[in-house]
Amino acid sequence: MIRRLLKDFQGDVVAIPGRLLALLFFLVLIIIPVITTDSYLLRTLAFANIFAIFAVSWDLLSGYTGQINFGHALFFGVAAYTSALLNLKLGLPPWATIPIGALASVVAGVVVCLPALRLRGPYLSLVTLAFPLILLGIIFAFTDFTGGELGVSGIARISNSRVTDFYISFAVMFVSVMIMWKLTDAKSALVRTGIIFHAIREDEIAARASGINTIRYKMLAFAVGGFFAGIAGAFHAHFMRIAGPANLDLFLSFQVIIWTVFGGITSIYGPVVGVFIMYPLMEFLRVLPEIRMMIFAAIVVVILLFMPEGIAVFIRDKMERQCPRCKLSNVWWRKTCRACSANLR
Amino acid sequence: MLEVKNVTVKFDTAMVLDDANLKINKGELVGLVGPNGAGKTTLLRAIAGLIKWQKEVTRGTRNANVTFEGTVEFEGERIDKLSAHEIARRGLALCPERGRPFVEMTVKDNLLAGGFLCKSSDEIKNNLVKVYELFPRLKERENQVSGTLSGGERQMLCIGRALMHQPKLLLVDEPSSGLAPKLKEDLFKRIEDIFKELGVTILLAEQDISFAFSLSSRSYVMSRGHIISQGTAKELLADETIRKTYLGL
């Protein structure tokens, strides 16, 4: 049994460079707090974990299902405010407020979905763009309850140690990304969300003619995307100990798109790579505040010019060679396929 | 099996289908012939429940008021009020014009998407084997992205995709458009196999009259939104006005 597992592990992970790299990346993340307990670094990485969940949830909804959402920060903000208010006003602990916050985002997802079912393309994007702005208006209208410009502050920490914070955020990121990856990869008879989301993105008429209830699955995509974005938002609120209007900001909605496109859209691992490169980079560039945004813009332009499919996908394509016969991934230096020994050159 | 009664479809003020009536019995292969713009595609879409969809898509654009009147019955049940996926669930599959495969998916994934309505993985597997037997070329191209397929292969793929959920009635919309004569012949042979061996009732919309007439037991002739006439190939060809005016022979 163990031998079989090891063999599977070797065939499915070690032999594929992309997956091996992902494994190493996760191992390095696990080890980092052992090497250094620098609070700034751990805090930056913990936020990178949170934003990775956020970016992957956008990729699931907009990349995979094709419902380009320009207001993804809505889900982030709804969960942040919900968990912050529940914690502050009702005294609920973080382990209760975070799931409730995420569920509030699911509700927000379904609400956004209602007009989205009738709209397509740019019209849909513009409507989604409006939702966070509407919520911001509501927040500024009820300042007594929501704190207005200042937000809701003084909420409970998740833990008192940076290392624990980091490990919790890492575990949540790992589990969330794995679930979303499985959802977009699923092709079995039991769960077929992967193929269905893809079919909806490509041709909704053909999908409907195949008997797929596209409305239900679009709702599912909004609900799942909302849920994970909500998890990220609620965690963010508890880490920062504040939920404010910045959580609903347009800039956040666009940043998630930039991270995802930078890493590689419709790939799930792309947004994770995008966030882990861009977010720490932007943090460390705070020492050069004058040119920080310029460097950010320059990097994005260069990447999109030379690697339009995203940096993670670009690197993966360079490292892996797909067998023309059996479509198995092989390391780039192999001349023949490891399974069917077809010629790879 | 299928009865279309007084179906009228208007795009804004343009009458695309005018009082169309059509009846198909179980175990028939019926042709639907007519020139471009006769309303064949619209009729098939009306049957498959996609007119309502067109209404949704064109909502808000100018001069795109789609109206649909009349009834469509499938196995004694009215389906004109149902949405497309519910109609598909009842065993009616549409194979749209030019196939419309999911171009970024592999051939196999396209077929799996078509097997959405199958209840178990065994059912999917069996149907997949059947489709591959029918179109061995698809088996060869199993892992290829379908956007890179040739026109004929795409058409095969889309018929295969429609067959994945074992439909009782298959609506095929101009399968031969853009294909070389040899490929056409091949494809029509396959359609005949589907009809004879799998026992699927078929409504075949086609411009190529010689093929449509040779396959079908009887045909409907359409022109400018009207169903002009119906009958066996012999009867239709015997009527000189129809032959000259509508079939161009």
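From first to last, the protein sequence lines stand for chains A and B. Sequential numbering from 1 applies to the first sequence in my numbering. Sequential numbering from 1001 applies to the second sequence in my numbering. Yeah, the Cβ is synthetic: ideal placement off N, Cα and C, and Gly gets one too. Values in this document were obtained by computation on a predicted structure and should not be read as measured data.
Rounded to whole angstroms, the Cβ separation of B/Val1200 and B/Ile1209 is 22 Å, and the two are not in contact under 8 Å.
Distances from the CA of A/Leu281 to each of A/Lys218, A/Ile200 and A/Arg292 were compared; the closest alpha carbon is that of A/Arg292. Secondary structure at A/His198: helix, using DSSP grouped into helix, strand and coil. In terms of beta-carbon proximity, B/Arg1100 lines the interface with chain A, with at least one pair separated by less than 8 Å.
Residues of chain A with a Cβ closer than 8 Å to the Cβ of B/Arg1218 do not exist; the shortest Cβ-Cβ separation is about 25 Å. Contact check for B/Leu1029 against B/Leu1215 passes: the beta carbons are separated by less than 8 Å.
Burial check for B/Asp1012: the Cβ neighbour count within 10 Å stays below 16, so the residue is exposed.
In the DSSP assignment, A/Gly233 falls within the alpha helix (DSSP H) that extends over Thr214 to Met240.
In terms of CA proximity to A/Ser83, A/Ala96 leads the group A/Thr128, A/Ala96 and A/Ile311.
By the CB criterion at 8 Å, A/Leu248 and A/Leu103 fall outside the cutoff. Within the segment 60-95 of chain A, complete alpha helix (DSSP H) segments of at least 4 residues are found at 73-89, given in chain order. By a beta-carbon distance limit of 8 Å, A/Phe235 does not contact A/Pro33. Their separation comes to about 17 Å.
Annotation: Cβ neighbours of A/Asp203 in chain B (cutoff 7 Å, chain order): Arg1100 and Phe1102.
Under a criterion of Cβ atoms nearer than 8 Å, the residues of chain A adjacent to B/Asp1109 are, in order, Lys187, Ile195 and His198.
Contact with chain B is absent for A/Ile16, since none of that chain's Cβ atoms lies less than 8 Å from the residue's Cβ.
Rounded to whole angstroms, the Cβ separation of A/Phe228 and A/Ser176 is 5 Å, and the two are in contact under 8 Å. For A/Tyr81, the closest of A/Cys326, A/Ala171, A/Pro132 and A/Glu290 by C-alpha to C-alpha distance is A/Pro132. In the DSSP secondary-structure assignment, B/His1226 is bridged to B/Ser1223. From the beta-carbon of A/Asn213, the residues of chain B found nearer than 7 Å are His1085.
Excluding residues up to 5 positions away in sequence, Pro17 and Trp332 lie with their Cβ nearer than 6 Å to the Cβ of A/Met319 in the same chain.
Between the alpha carbons of B/Leu1044 and B/Ser1177 lies a distance of about 16 Å. Per DSSP, B/Phe1074 lies in no alpha helix (DSSP H) segment; the continuous beta strand (DSSP E) that holds it begins and ends at Val1066 to Phe1074. Here A/Tyr40 is exposed: its Cβ has fewer than 16 other Cβ atoms, across all protein chains shown, within 10 Å.
For the C-beta of A/Lys218, not a single chain B residue is nearer than 7 Å; the gap to the nearest is close to 12 Å.
In the three-state scheme derived from DSSP, where H, G and I count as helix and E and B as strand, B/Lys1119 is classed as coil. Taking a C-beta distance under 8 Å as the contact criterion, B/Leu1138 and B/Gly1160 qualify as a contact pair. Under the three-state reduction of DSSP output, B/Leu1183 falls in the helix class. Contact between the segment 323-340 of chain A and the segment 289-307 of chain A is not established, with fewer than three Cβ pairs separated by less than 8 Å. Around the beta carbon of A/Ser62, 16 or more other beta carbons lie within 10 angstroms, which makes this residue buried.
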